[in-house]
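Residue numbers (the working numbering): 174 to 291. The structure under discussion appears below in the form of structure tokens.
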Amino acid sequence: MLLEDMIFKAISHPVRREIIGLLAISPRSVKELTGKFKMSQPAISQHLRELKTADLVTSERIGLEQHYRLTPQPLKYVLHWSDVYRHLVDPSGHVWTFTSANNRDKKVRRKGEIQNGR
174 MLLEDMIFKA ISHPVRREII GLLAISPRSV KELTGKFKMS QPAISQHLRE LKTADLVTSE
234 RIGLEQHYRL TPQPLKYVLH WSDVYRHLVD PSGHVWTFTS ANNRDKKVRR KGEIQNGR
């Protein structure tokens with residue numbers, strides 16, 4: 174399997190995306206990560222293995238604990254994909270447009286399009 178495919182597979186699960194978000198803030202031990210979810214330590218470890226296989230995290234043993242750190246470089250494949258496929262049409266005929274959060278926020282502020290958090 175290509176690295177790019179492994180990255181998309183890794184981020185396809187919502188728990189792994191949340192782990193990426195937590196590790197983007199700071200490195201964390203498996204114990205710290207397990208405390209953030211309603212699942213067992215072995216389940217969190219399995220998600221971390223998937224992320225590690227996709228080169229999205231690295232680990233380091235500190236004392237008795239394994240600590241994980243985000244390696245964001247592989248996410249460039251996701252950013253590239255969203256840039257190339259900026260406009261998609263789903264099977265129902267709906268057109269989906271991808272924009273960066275920065276551009277969306279500027280557009281929203283300028284046009285006042287978002288109300289009630291939408």
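Yeah, the Cβ is synthetic: ideal placement off N, Cα and C, and Gly gets one too.
C-beta atoms of residue i and residue j nearer than 8 Å
i, j, result
"residue 221", "residue 243", "no"
"residue 195", "residue 209", "yes"
"residue 247", "residue 227", "yes"
"residue 206", "residue 193", "no"
Of the residues the options, the one placed nearest residue i, counting alpha carbons only
i, options, result
"residue 186", "238, 258 and 224", "224"
"residue 255", "215, 218 and 270", "270"
"residue 177", "214, 250 and 192", "250"
Range covered by the beta strand (DSSP E) that runs through residue i
i, result
"residue 239", "238-243"
"residue 176", "Taken as a continuous stretch (DSSP letters only), residue 176 belongs to no beta strand (DSSP E), being part of the alpha helix (DSSP H) at 176-184."
"residue 260", "260-262"
Classification of residue i by the beta-carbon crowding that lies within 10 angstroms, buried from 16 upward
i, result
"residue 289", "Any reading at residue 289 is ruled out, since the residue's pLDDT is 41, under 50, leaving its predicted position unreliable."
"residue 184", "buried"
"residue 281", "Residue confidence is low: residue 281 scores 37 on pLDDT, short of 50, so the model does not pin down where it sits. Its coordinate-derived value is still stated next. So residue 281 ends up on the exposed side."
"residue 291", "Residue confidence for residue 291 is low, a pLDDT of 39 falling below 50, so the modelled location carries little weight; the figure read from the coordinates is stated next. The residue is exposed, with fewer than 16 neighbouring Cβ atoms inside 10 Å."
"residue 180", "buried"
Contact belief for residue i with residue j at Cβ below 8 Å, rounded distance in angstroms
i, j, result
"residue 258", "residue 201", "So it is not a contact: roughly 32 Å between Cβ atoms."
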